[in-house]
Every structure is written in structure tokens, then in C-alpha cells.
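Contents: one structure, followed by commentary.
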Amino acid sequence: MDLIAVTERREMQHFQHLEDDVREQLFLHAPRSFADSDERDLLAIALGATLYVPATRAGLADIVVKRASEGVSSMVLDLEDAVA
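Per this note's numbering: the sequence shown ends with 115, consecutive numbering throughout.
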């Protein structure tokens, strides 16, 4: 997966990195997809936990791609310390 594929994705689903049989074992109801065009109230709860990453970390683009492939759907890149 390259960085462009990660940034162009508009529809998301939690646990999409897991195989279908694993999801069936974990969940009574499979996670549903959501998109950036969904209602704001749904998006407020749909994103789930957010991973914080300081932008001063070396290999930042690689970190973003790796975490996306591991199922992270919400990530904050903190630029404040990077420009100071």
C-alpha cells in the first residue's frame, strides 16, 4: 500500500485488515463501512480511537502507511513541535 492509496480513500471500515473468518469470530454484528460524506453525528462516533503521532518522528510517511495497513483509521499528525 502506498501513501497515495491511503490519502485517497473516502470510505472506511474498522477491522478491514482482518480476514472475514476472524471478524466473524470477533463480532456478533460485523463493523459497517462509513464515509466522509456521512452525517457528522455518525462520524463523531465512527472514527473510534485516534492515534497521535508527533510529526518530528523520522520516517513519518512510512509510519502512516504502516499504521493504516494495521487498521488505524484515524490519525493525528502533530505539526506544532515540527515547526518550532
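Idealized CB from N, CA, C, for every residue including glycine.
Between the CA atoms of residue j and residue i - distance to the nearest angstrom
i: glutamine 4; j: histidine 45; result: This structure cannot settle anything about residue 4, because the visible part of the chain is limited to 32 through 115.
i: alanine 66; j: methionine 43; result: 6 angstroms
i: leucine 59; j: valine 53; result: 12 angstroms
i: alanine 61; j: aspartate 51; result: 9 angstroms
i: arginine 63; j: leucine 110; result: 32 angstroms
Proximal residues to residue i (C-beta, below 8 angstroms), its chain only, five neighbours per side dropped
i: glycine 102; result: His45, Phe46, Gln47, His48, Leu49
DSSP three-state assignment for residue i, whether helix, strand or coil
i: valine 84; result: strand
i: glutamate 111; result: helix
Cβ shell of residue i (< 6 angstroms), same chain only, five flanking positions each side left out
i: valine 107; result: Thr81, Tyr83
Residue i and residue j closer than 7 angstroms at C-beta
i: leucine 74; j: serine 105; result: no
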